[in-house]
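Chemist: Here it is, the structure, as structure tokens.
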Amino acid sequence: MDQRIKVFIEYKIRNEKMTDYKKMIPKIQEIYSEKQYSAYEGVDQPGLIVEEFFVSNMEEYSETKNNRLTGSDPIWIDLADCIEGGAKKMHIWAFAQM
Numbered sequence: 001m002d003q004r005i006k007v008f009i010e011y012k013i014r015n016e017k018m019t020d021y022k023k024m025i026p027k028i029q030e031i032y033s034e035k036q037y038s039a040y041e042g043v044d045q046p047g048l049i050v051e052e053f054f055v056s057n058m059e060e061y062s063e064t065k066n067n068r069l070t071g072s073d074p075i076w077i078d079l080a081d082c083i084e085g086g087a088k089k090m091h092i093w094a095f096a097q098m
């Protein structure tokens with residue numbers, strides 16, 4: 001039986017881009033609205049963002065990761081512009097429950 005995969009995405013928003021980033025949040029939430037999406041900002045590290053959501057399988061994970069890292073959609077291009085170091089500094093992981 002296949003089980004869902006939890007995806008974590010972590011990145012640091014540039015201070016001067018935080019306002020732009022916050023304007024993107026509703027669109028990102030809409031994209032993942034059926035994936036149990038949540039996002040968090042570090043309390044002890046302002047601007048450090050961790051997103052979490054579920055995908056159905058590793059194929060969907062790989063597609064999601066590729067889309068995020070290559071900017072295949074304008075929202076991801078805009079997001080990469082807000083990240084310290086750009087998309088290459090975005091860390092994306094897949095986990096399955098033990």
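The end of the sequence shown is residue 98 by the working numbering, with every number in the run present. Glycine included, C-beta positions come from ideal geometry on N, C-alpha and C. All figures in this text were calculated on a predicted structure; none of them were measured in a lab.
Give me the Cα-Cα distance between residue 70 and residue 63, rounded to the nearest whole angstrom.
Modeler: 10 Å
Chemist: Give the range of the beta strand (DSSP E) segment to which residue 92 is assigned.
Modeler: 91-95
Chemist: In whole angstroms, what separates the C-alpha of residue 6 from that of residue 84?
Modeler: 24 Å
Chemist: Looking only at DSSP bridge pairs, what is residue 6 linked to?
Modeler: 54 and 95
Chemist: Can you check which of these residues, 55, 21 and 61, is closest to residue 34 by C-alpha distance?
Modeler: 55
Chemist: Under 8 Å by Cβ, that's how I've got residue 37 and residue 82 pegged, so tell me the actual separation to the nearest angstrom.
Modeler: That pair is no contact at about 18 Å.
Chemist: Which term fits residue 93, buried or exposed, when burial requires 16 or more other beta carbons within 10 angstroms of its beta carbon?
Modeler: When all chains shown are included, residue 93 counts as exposed.
Chemist: How would you label residue 61, buried or exposed, when you count the other beta carbons within 10 angstroms and need 16 or more for buried?
Modeler: buried
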